[in-house]
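Below is one structure, written out as structure tokens; the observations come after it.
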Amino acid sequence: MQDRKGFSAEIIFYFVLAIFVAALVLIWVIGKFNTSGLL
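What follows is the structure, given as structure tokens:
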């Protein structure tokens, strides 16, 4: 996964991956601390 700059494609990949993981963790935390039946 390399383009002309050699690293920006990999940075974008890890950036999207980090956002995805952060979203999963956020959903898990909300579900953990909100037992009113949100999830």
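Here the numbering used here is used: the first residue of the sequence shown is 1, the next is one more, and so on.
Even for Gly, the Cβ is constructed at its ideal location relative to N, Cα and C.
Please work out which residues of its chain come closer than 7 angstroms, Cβ to Cβ, to residue i, disregarding the five sequence neighbours upstream and downstream, and give them in chain order.
i     : result
PHE20 : none
Straight-line CA distance for residue i to residue j?
i     : j     : result
ALA9  : ALA18 : 14 angstroms
ASN13 : VAL25 : A small fix is needed here, since residue 13 is Phe in this sequence, not Asn. Looking at the two C-alpha atoms, the distance is approximately 18 angstroms.
ALA22 : TRP28 : 10 angstroms
PHE33 : ILE11 : 32 angstroms
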